Amino acid sequence: MQISSVGRRFKAMLILWMGLQWAGSGVAVAIEDSLPPGVARALQEAHIPAEAVSIVVQEVATPDRLLNWNGDVARSPASLMKLVTTYSALMALGPAKTWDTEIRGGEPERGVLTGNLYVIGAGDPGLTLENWETLLRALRIRGVREIRGNVVLDMSRFRVEVQDPNGFDHQGFRAYNTLPEALQVGFKAVTLTLEDVGNRVLVSPDFDLPGLRIENRLIPKTGTCPEDWKSTFERKVIDDGRTARITLAGDYVVSCGKKALYYSILSNDNYISATFVKIWSELGGTFSGKVVEGKTPDGLPLLAMHRSPPLAEQIRETNKYSNNLMARSLFLDMGGLAGMEQFTEESSVQKIRDTLAQQGLQFPELVLENGSGLSRQARISANHLNQLLVKAAQGPYQAEFVASLGLLGMDGTVEKRLLGEGLEGRFHLKTGSLDGVSSLAGYGLTRSGHLLSLVFIVNHPQAAAAKSAQDALLRWIGREL
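Using the working numbering, you'd call the opening residue of the sequence shown number 7 and step up by one each time.
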């Protein structure tokens with residue numbers, strides 16, 4: 007554990023600053039074994055021992071570290087693992103990579119398609135409901151009015167072992183637990199918007215999904231909005247894969263304003279089926295068959311296609327808002343090794359390791375599992391994650407990668423962090439959190455304009471209280487260096 011220099015100039019300034027701090031506090035500590043005083047104090051107040059923490063700070067333009075505290079310890083990074091996945095995807099696939107979701111079938115006669123219609127999943131990480139509607143609208147424009155056969159969902163691109171969405175934390179209805187599929191629409195989720203409309207609380211779904219029933223028993227209440235605005239009411243989800251009932255009961259504090267809840271409901275097939283039937287009907291189409299899963303025969307004509315936004319845009323959603331499903335889809339798409347028709351988790355891990363190795367990044371302790379960080383097995387050291395950040399900042403896709411991270415005090419998961427302290431927009435950051443894990447990584451500017459990389463990982467039962475220590479590190483970088 008040591009603090010090293012970024013050139014003699016930085017080292018002299020750092021020693022002088024820390025010396026003054028320690029002299030003022032009467033604490034005699036060797037510089038090689040010390041954390042910035044504000045960080046150390048915040049950790050102590052949070053009852054988090056220093057040995058449970060890894061922190062690395064480096065000026066991107068030099069190989070030396072400003073701060074290296076337990077940097078070689080392999081830890082659970084939570085959502086910081088998305089940085090490994092998105093960086094690897096950029097390097098292996100390129101920022102302009104897109105995914106084409108296709109609809110194929112026989113030629114319609116007078117607007118009637120008598121055979122099956124095939125929807126082929128390309129692994130698009132962000133096929134939203136709006137994009138799904140655009141694709142079906144293109145089919146109508148193509149001249150298809152009536153479908154008499156079945157709609158066949160081709161999800162064969164990914165080969166994934168059957169998993170239980172409740173397996174991670176027994177809350178499979180939470181949107182972050184949604185499992186990836188080669189064809190997935192709208193993140194298989196429903197967004198409920200809650201707002202006070204006078205003497206009642208209105209609960210509105212973003213999509214009137216067939217099979218979904220909402221029981222609204224919320225009562226408006228005055229008072230100060232609690233930090234956890236959901237703590238004043240109960241939420242219950244009953245979902246058998248075909249139908250779902252969401253019950254909200256209790257007090258809703260009206261000073262909280264308009265809020266949103268996100269739920270993953272129905273099986274993937276049934277979700278796509280429900281959205282297809284509703285949108286197709288609204289577009290004036292008719293359908294008398296069933297929605298089933300299957301493989302597309304060779305040689306069928308292309309009837310409609312939706313091309314996704316490029317990877318550079320998709321990783322902004324993935325990192326800024328920590329979208330687990332998009333990260334897991336990207337992870338699986340990395341499994342497209344030469345000669346393989348289906349992508350697997352094993353081939354994805356190998357492809358990512360190969361991609362990192364091609365960039366001179368050898369991480370023997372790395373455990374990816376699903377590429378999103380939603381894992382108890384995932385591991386990486388702060389030093390190696392920092393190496394990746396430095397490599398990305400010096401690489402050809404530096405702008406795309408850095409722009410995918412949240413701007414402190416402006417957007418993403420750090421939108422409301424350190425507001426009013428003059429540091430807004432000076433850090434691009436990715437956050438991570440699990441029970442027992444709190445993490446932060448990205449880039450920041452010193453007062454003199456030096457670009458630094460930083461990684462802060464806590465693995466401890468009190469990790470949720472580490473935010474103040476992370477904020478102290480940001481102040482140290484943004485004000486003191």
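Backbone N, C-alpha and C fix where the C-beta goes; we use that ideal spot for every residue, glycine too. Computed from a predicted structure; not experimentally measured.
Using the Cβ count rule (16 or more neighbours within 10 Å means buried), how would you classify P43?
Result: buried.
Roughly how many angstroms lie between the CA atoms of L208 and R248, to the nearest whole one?
Spanning the two alpha carbons is a distance of roughly 25 Å.
In terms of alpha-carbon separation, which member of G100, A144 and G129 lies closest to I109?
Taking only the C-alpha atoms, the option nearest I109 is A144.
What whole-angstrom Cβ distance do I321 and T92 have, given they're in contact under 8 Å?
Confirmed, about 4 Å.
How would you call N392, buried or exposed, if buried means at least 16 neighbouring beta carbons within 10 angstroms?
Of the residues assessed, N392 falls on the buried side of the cut-off, its CB having 16 or more other CB atoms within 10 angstroms.
Could you check whether the region 78-93 touches the region 121-131, counting it as contact only if at least three pairs of C-beta atoms, one from each stretch, sit closer than 8 Å?
Here the region 78-93 does not lie against the region 121-131, with fewer than 3 beta-carbon pairs under 8 Å apart.
If we ignore side chains and look at the alpha-carbon of each, how far apart do S40 and R180 end up?
Each residue's Cα considered, the two are about 40 Å apart.
If you follow the beta strand (DSSP E) that V243 is part of, which residue opens it and which one closes it?
Counting along the chain, the beta strand (DSSP E) containing V243 begins and ends at F239 to D245.
Give the straight-line distance between the Cα atoms of S31 and H434, rounded to the nearest whole angstrom.
Interpretation of S31 is limited by its pLDDT of 33, a score under 50 that renders its predicted location unreliable; the figure taken from the coordinates is listed afterwards. Whole-angstrom Cα-Cα distance: 32 Å.
Leaving out the 5 sequence neighbours to the left and right, which residues in its chain are closer than 6 Å to S474 when beta-carbon positions are compared?
Cβ neighbours of S474 beyond the five flanking positions: A48.
Go to Y258, then tell me how far its beta strand (DSSP E) extends in each direction, as first and last residue.
Its beta strand (DSSP E) spans residues A250 to V259.
Provide the residue span of the alpha helix (DSSP H) that contains P135, from first to last.
Note on residue identity: the sequence assigns Leu, not Pro, to residue 135. Under the DSSP assignment, L135 falls in the alpha helix (DSSP H) whose first and last residues are L135 to I147.
DSSP three-state call for E323: helix, strand or coil?
Note: E323 maps to helix in three-state DSSP.
Just mark A447 as buried or exposed, buried being the case when its beta carbon has 16 or more other beta carbons within 10 Å.
Buried, since its Cβ has 16 or more Cβ neighbours within 10 Å.
Looking only at C-alpha atoms, which of A46, W105 and I278 sits nearest to E57?
The shortest Cα separation from E57 among A46, W105 and I278 belongs to A46.
If you reduce the DSSP assignment to three classes, tell me which class K88 lands in.
Helix at K88.
Consult DSSP for D39 and reduce its assignment to one of helix, strand or coil.
In this prediction, D39 has a pLDDT of 48, which is less than 50 and means its spatial position is unreliable; nothing more can be read from the coordinates.
Inspect the beta-carbon positions of L135 and G192 and report whether they are closer than 8 Å.
Cβ atoms of L135 and G192: closer than 8 Å.
By alpha-carbon positions, which one of E167, R154 and N122 ends up nearest to L4?
The displayed coordinates of the chain run from 7 to 487. Any statement about residue 4 would go beyond what the structure contains.
Short CB-CB distance (under 8 Å) between R110 and chain D
No chain D is present in this structure, which holds just one protein chain.
Quick one, which of Q383, S354 and M311 has its alpha-carbon nearest T140's?
Selection Q383, S354 and M311 evaluated against T140 yields M311 as nearest (Cα-Cα).
In the structure shown, what three-state DSSP assignment does T437 receive?
Under the three-state reduction of DSSP, T437 is assigned to strand.
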